[in-house]
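Visitor: If you want the numbering used here, it's the 1-based position in the sequence shown plus 2. Built from N, CA and C at the ideal position, the CB exists for glycine as well.
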Amino acid sequence: METPLPIDAVLEELMAALRAHGQAVLQAPPGAGKTTRVPLAMRAANLVNGRILMLEPRRLATRAAAERMAATLNEQVGQTVGYRIRGEAKISRFTRIEVITEGILTRMIQGDPTLDGIGAIIFDEFHERSLNGDFGLALALDVRRALRDDLVLLAMSATLDAEPVADLMGNAPVVTSDGQSFPVATRWLERPAAKGQRYEVSMASLIGKAISETTGGILAFLPGEGEIRRVMGALGSLPFRDQQLALGPGSGRKVVLASRGRVYPTPSPRDPLREGVCSRLRGNPRGGG
């Protein structure tokens, strides 16, 4: 039996809103369970006849969402739930929920403006406001208005002010869910790194210290993707499959490296991250670095 999540309390209201209006905005804080619960609920409610597309801003999140939903159904990815990213796809003729990266939708609309066979499009993590996500929503709204008034559209956000997006979607109803959070302790370097010490070495040392002094998982915020890769190398790089395991439920401790400004909900309500490790790059006014 699935662990109850906060989003469960509003699923019936959300399905009713989508059935009545064809569009909606869902506000649900991190930990609510919207990414893995809502598409399955839409399928179970027979809300649409065609496939359900869900857009994710990153490749890792795309795979992780598809794998989690497939596991919920006790299936392999590519059966009822599949995913498609640039250069890789796991779908079949049985697939009813397809998780895709944001740029895929643009290419789909360019190839078939009517989106034949697609019944609904979910824009997950819409608060991140990427160019591909915004453009994809604009195109989907045009398709709905001009060609497919039966196309169901849902924007889901953890932090975004919902009203402007609801207005853009023709005064779409807004459904709000509670979230789920856990106490987290924040740790910083006690003093600036020694002159000449590489950033990734300092950060890896701080993460190692947090691991040795705590018992929970570690969420380390870094300035960007480049720093994430360097710190990962300093800690010991993992194959992509092993990285994915860190996003799923499990009994072992986890270290998640994330860029600041991203919202990363814990993989499971029984698997919270207990420590936060923060870093900030600062320029050197004398050396120009």
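Taking only the alpha-carbon atoms, compute the straight-line gap between methionine 158 and leucine 224 and give it to the nearest angstrom.
Guide: Position 156 of the sequence shown, counted from the first residue, corresponds to residue 158. Position 222 of the sequence shown, counted from the first residue, corresponds to residue 224. Taking the straight line from one Cα to the other gives about 25 Å.
Visitor: In its own chain, which residues sit with a C-beta less than 6 Å from the C-beta of arginine 272, not counting the 5 before and 5 after it?
Guide: As a position in the sequence shown, residue 272 is number 270, starting the count at 1. Reliability fails at arginine 272, whose pLDDT of 42 lies under 50, so the model's placement of it is uncertain and no value is given.
Visitor: Can you tell me which of Arg65, Thr161, Lys256, Val154 puts its alpha carbon nearest to the alpha carbon of glycine 219?
Guide: For this step, residue 219 is matched to residue 217 along the sequence shown. When each option's Cα is compared against that of glycine 219, the closest is Lys256.
Visitor: Quick one, which of Leu55, Leu7, Leu75, Asp126 has its alpha-carbon nearest alanine 160's?
Guide: Within the sequence shown, the letter at position 158 stands for residue 160. Nearest neighbour of alanine 160 by Cα position, chosen from Leu55, Leu7, Leu75, Asp126, turns out to be Asp126.
Visitor: With a CB to CB cut of under 8 Å and the five nearest residues on each side skipped, what residues in its chain are close to valine 177?
Guide: For the purposes of this step, residue 177 is taken as residue 175 along the sequence shown, with counting starting at 1. So the qualifying residues of the chain are Val12, Glu15, Leu16, Ala19, Ala26, Val27, Leu28, Gln29.
Visitor: Quick check on this structure: which residue in Asp169, Phe184, Leu139, Glu229 has the alpha carbon closest to the alpha carbon of leucine 57?
Guide: Residue 57 sits at position 55 when you count from the first residue of the sequence shown. For the residues Asp169, Phe184, Leu139, Glu229, the minimum Cα distance to leucine 57 belongs to Leu139.
Visitor: Terminal residues of the continuous alpha helix (DSSP H) containing serine 207?
Guide: Translated into the one-based positions of the sequence shown, residue 207 becomes position 205. Residues 201-215.
Visitor: Does DSSP classify leucine 237 as helix, strand or coil?
Guide: The residue given as residue 237 occupies position 235 in the sequence shown. Helix at leucine 237.
Visitor: Please state whether DSSP places glutamine 112 in a helix, a strand or coil.
Guide: The residue given as residue 112 occupies position 110 in the sequence shown. If DSSP states are grouped into helix, strand and coil, glutamine 112 belongs with the helices.
Visitor: Would you call the region 49-68 and the region 90-104 in contact, with 3 or more CB pairs under 8 Å?
Guide: Proximity of the region 49-68 to the region 90-104 meets the contact definition, three or more beta-carbon pairs being nearer than 8 Å.
Visitor: When you compare each of Pro31, Asp152, Gly35, Glu215 to proline 6 by their alpha carbons, which one comes out closest?
Guide: Within the sequence shown, numbered from 1, the residue matching residue 6 stands at position 4. Nearest C-alpha to proline 6: Gly35.
Visitor: Can you give the Cα-Cα distance for alanine 206 and asparagine 173, rounded to whole angstroms?
Guide: Along the sequence shown, one-based indexing puts residue 206 at 204. Along the sequence shown, one-based indexing puts residue 173 at 171. Rounded to whole angstroms, alanine 206 to asparagine 173 spans 48 Å at the Cα level.
Visitor: Could you check which residue in Asn48, Asp169, Glu90, Leu153 has the C-alpha nearest to that of glycine 119?
Guide: What you label residue 119 is simply residue 117 of the sequence shown in a count that begins at 1. Cα-wise, what sits closest to glycine 119 is Leu153.
Visitor: If you compare alpha carbons, which of Gly113, Gln112, Thr108 is closest to leucine 133?
Guide: Working through the sequence shown from its first residue, we reach residue 133 at position 131. Of the candidates Gly113, Gln112, Thr108, the residue whose Cα lies closest to the Cα of leucine 133 is Thr108.
Visitor: Would you kindly report the start and end of the unbroken alpha helix (DSSP H) that includes leucine 139?
Guide: As a working note, residue 139 is residue 137 in the sequence shown. Looking at the DSSP string, the run of the alpha helix (DSSP H) that includes leucine 139 is 133-148.
Visitor: When the Cα atoms are used, what is the spatial distance from glutamate 192 to aspartate 163?
Guide: One-based indexing of the sequence shown puts residue 192 at position 190. One-based indexing of the sequence shown puts residue 163 at position 161. When the Cα atoms are used, glutamate 192 and aspartate 163 turn out to be separated by approximately 36 Å.
Visitor: Could you give the DSSP three-state label for alanine 47: helix, strand or coil?
Guide: Position 45 of the sequence shown, counted from the first residue, corresponds to residue 47. Residue state, collapsed to three classes: coil.
Visitor: Among Gly80, Arg88, Gly89, which has the Cα closest to the Cα of arginine 95?
Guide: Working through the sequence shown from its first residue, we reach residue 95 at position 93. Considering only alpha carbons, the answer is Gly80.
Visitor: Under a Cβ-count criterion, where at least 16 other Cβ atoms within 10 Å of its own Cβ denotes burial, should glycine 291 be classed as buried or exposed?
Guide: The sequence position of residue 291 within the sequence shown is 289, counting from 1. Low confidence applies to glycine 291: its pLDDT is 40, below 50, so where it sits in the model is not reliable enough to give any reading.
Visitor: Rounded to whole angstroms, how far is the Cβ of arginine 65 from the Cβ of isoleucine 54, which I believe are closer than 8 Å?
Guide: Your numbering for residue 65 matches position 63 in the sequence shown. Your numbering for residue 54 matches position 52 in the sequence shown. That pair is no contact at about 17 Å.
Visitor: Can you tell me the Cβ-Cβ gap for glutamate 202 and glycine 235, rounded? I've got them flagged as a contact below 8 Å.
Guide: Within the sequence shown, numbered from 1, the residue matching residue 202 stands at position 200. Within the sequence shown, numbered from 1, the residue matching residue 235 stands at position 233. Yes, glutamate 202 and glycine 235 are in contact; Cβ-Cβ is about 7 Å, under 8 Å.
Visitor: For arginine 150 and methionine 110, I'd like the C-alpha separation in whole angstroms.
Guide: Residue numbering aside, residue 150 sits at position 148 when the sequence shown is read from its first letter. Residue numbering aside, residue 110 sits at position 108 when the sequence shown is read from its first letter. If I take the Cα positions, the gap works out to 15 Å.
Visitor: Please identify the residue among Ala43, Gly135, Gln182, Ser261 whose C-alpha is closest to the C-alpha of glycine 228.
Guide: The residue labelled residue 228 in the question sits at position 226 within the sequence shown. Per the Cα distances, Ser261.
Visitor: Using the rule of at least 16 other Cβ atoms within 10 Å of the residue's Cβ for burial, across every protein chain shown, is phenylalanine 128 buried or exposed?
Guide: By 1-based counting over the sequence shown, the position of residue 128 is 126. Phenylalanine 128 comes out buried.
Visitor: Going by CA-CA distance only, name the one from Phe184, Arg231, Arg232, Ala222 that's closest to leucine 259.
Guide: Taking the first residue of the sequence shown as position 1, residue 259 is located at position 257. The shortest Cα separation from leucine 259 among Phe184, Arg231, Arg232, Ala222 belongs to Ala222.
Visitor: According to DSSP, simplified to helix, strand and coil, what is arginine 232?
Guide: Walking along the sequence shown from the start, residue 232 turns up at place 230. Three-state DSSP puts arginine 232 in a helix.
Visitor: Below 8 Å on the Cβ atoms is my contact criterion, and I expect threonine 82 with isoleucine 99 to pass it. Report the Cβ-Cβ distance as a whole number of Å.
Guide: Taking the first residue of the sequence shown as position 1, residue 82 is located at position 80. Taking the first residue of the sequence shown as position 1, residue 99 is located at position 97. That pair is a contact at about 6 Å.
Visitor: Helix, strand or coil for valine 167, going by three-state DSSP, please let me know.
Guide: Taking the first residue of the sequence shown as 1, we reach residue 167 at position 165. Residue state for valine 167 is assigned as helix, using DSSP reduced to three classes.
Visitor: For proline 269 and arginine 231, I'd like the C-alpha separation in whole angstroms.
Guide: On the sequence shown, position 267 is the one that residue 269 refers to. On the sequence shown, position 229 is the one that residue 231 refers to. Residue placement at proline 269 is flagged as unreliable, the pLDDT there being 41, under the threshold of 50; a coordinate-derived value is accordingly withheld.
Visitor: According to DSSP, what are the bridge partners of phenylalanine 125?
Guide: Looking up residue 125 in the sequence shown gives position 123. For phenylalanine 125, DSSP records a beta bridge to Leu57, Ala157.
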